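Engineer: Per the working numbering, residue -10 is the first one in the sequence shown, and the count goes up by one each step.
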Amino acid sequence: MNIEGKKELLGIWIGKNEGSKFWMQVVTELKNRGVEQIYVACVDGLKGFPEAINSIFPKTTVQLCIVHMVRNSVKYVSYKDLKLVTADLKAVYSAINEAEGLRELQNFAKKWDEKYPVIFDIWQRNWSGIAPFFSFPEDIRKAIYTTNAIESTNRQIRKIIKNKGVFPDDKSIQKIIFLALTNASKKWTMPIKNWAMALNQFAILCDTKFTKLGKWRNRTYIKNLTDPSIKNLFLSDEVKIFTKFSEKNKTSYIISNYIFSSLHDNL
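1. Can you look up threonine 178 in the DSSP assignment and give me helix, strand or coil?
2. Are the CB atoms of valine 16 and threonine 50 within a distance shorter than 8 Å?
3. Can the beta-carbon of isoleucine 181 be found closer than 8 Å to that of alanine 132?
4. What is the residue span of the beta strand (DSSP E) that threonine 50 lies within?
5. Quick check on the burial criterion: 16 or more other C-beta atoms within 10 angstroms. Buried or exposed for asparagine 6?
6. Any chance the segment 65 to 75 sits against the segment 91 to 107, with 3 or more Cβ pairs inside 8 Å?
7. Check the DSSP bridge columns for valine 15 and list the partner residues they point to.
8. Taking three-plus beta-carbon pairs below 8 Å as touching, is the segment 117 to 130 in contact with the segment 80 to 95?
9. Taking three-plus beta-carbon pairs below 8 Å as touching, is the segment 155 to 163 in contact with the segment 122 to 130?
10. Please give the ranges of any alpha helix (DSSP H) in the segment 47 to 113, keeping only runs that are unbroken, at least 4 residues long and fully inside the region.
11. Considering just the uninterrupted stretch of the alpha helix (DSSP H) at asparagine 43, what are its terminal residues?
12. Rounded to whole angstroms, how far is the Cβ of isoleucine 149 from the Cβ of alanine 169, which I believe are closer than 8 Å?
13. Sort Ile166, Asn43 and His57 by Cα distance to threonine 142 and report the nearest one.
14. What does the alpha-carbon distance come out to for the pair leucine 94 and isoleucine 108?
15. Please tell me whether tryptophan 12 and leucine 35 are closer than 8 Å, where the distance is taken between their beta carbons.
16. My guess is that lysine -4 and tryptophan 177 are in contact by the Cβ rule of under 8 Å, so how many angstroms apart are they, rounded?
17. Can you find the residues in the same chain that come closer than 8 Å, C-beta to C-beta, to isoleucine 111, ignoring five residues on each side of it along the sequence?
18. Specify, as a first and last residue, the run of the alpha helix (DSSP H) that serine 124 falls within.
19. Around the C-beta of alanine 41, are 16 or more other C-beta atoms found within 10 angstroms, so that it is buried, or is it exposed?
20. Excluding the 5 residues preceding and the 5 following leucine 222 in the sequence, name in chain order all residues of the same chain whose CB lies nearer than 6 Å to its CB.
21. Look at leucine -2 and valine 32 and say whether their C-beta atoms are less than 8 Å apart.
22. Looking only at its chain, what residues have a beta carbon closer than 7 Å to the beta carbon of serine 9, apart from the 5 residues adjacent to it on each side?
23. What number of angstroms, rounded off, separates the C-alpha of glycine -6 from the C-alpha of glycine 154?
24. Tell me whether methionine 186 sits in a helix, a strand or coil according to DSSP, three-state version.
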């Protein structure tokens, strides 16, 4: 999101596969394009991505995406239990602190382990990636797990890709994804709910007033684009502060993460 709390997409990366080398290139590019510091990065378990972030931005708090944790959990749940299971999982991640969250997780295990043991195992194995969430105030938590725009965008991309079938080259993929994102972004006219409160909490948490902010253009990435229609996606002079990337789809073309960052003002 930008300084006004409105959703914006920062970039599109296409790779043959995911891994530490690919993510290192992505994070390095972000730094070269003007990202000075990432304060919070919310990722969905992509291999090598947390390590790449911490390698380039060692002060970053990296945590797992709560939405994806819940989604990965409920895929094992029968429809008749779905509402109860999701409510009990919400008690875990909405706990007032980590200790209370662990207690709620144990309560979840007592209630559901006999029927769905894999869910407790998922949360227990990934707890170190979930724990940072509890240190955030409520307004920041809501900003982090509010993903309606991302999910809507992904549905459009998946629908287009499914209908299209086969793509002759990377450029054709970029074009069709660009068009899908352009259509989706037309609906992003309002800031997220309670954004002002979330921004104030970010300033307190990160000990900054965000004064070192200026116009930021994605010049590094623009140089590598030859198609004018795609290049226009990255020509905005808007200041990007809290950026939501689109969710990775099954063909590994889109990235799903939240990045909160301060930016150079001398580009």
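Cβ atoms here follow ideal geometry from the backbone N, Cα and C, with glycine treated the same way.
Quick caveat, the model's predicted, so the values are computed rather than measured.
Structural biologist: Result, derived from the coordinates:
1. coil
2. no
3. yes
4. 50 to 53
5. exposed
6. yes
7. Answer is none; valine 15 lacks a bridge partner.
8. yes
9. no
10. 55 to 63, 71 to 82 and 87 to 101
11. 38 to 45
12. 5 Å
13. Ile166
14. 10 Å
15. yes
16. 4 Å
17. Met58, Asn61 and Ser62
18. Run containing serine 124: none; DSSP gives neither H nor E here.
19. buried
20. Legend: pLDDT at leucine 222 = 43, less than 50; position of this residue unreliable, no value from coordinates given.
21. no
22. Gly37, Glu40 and Ala41
23. 35 Å
24. helix
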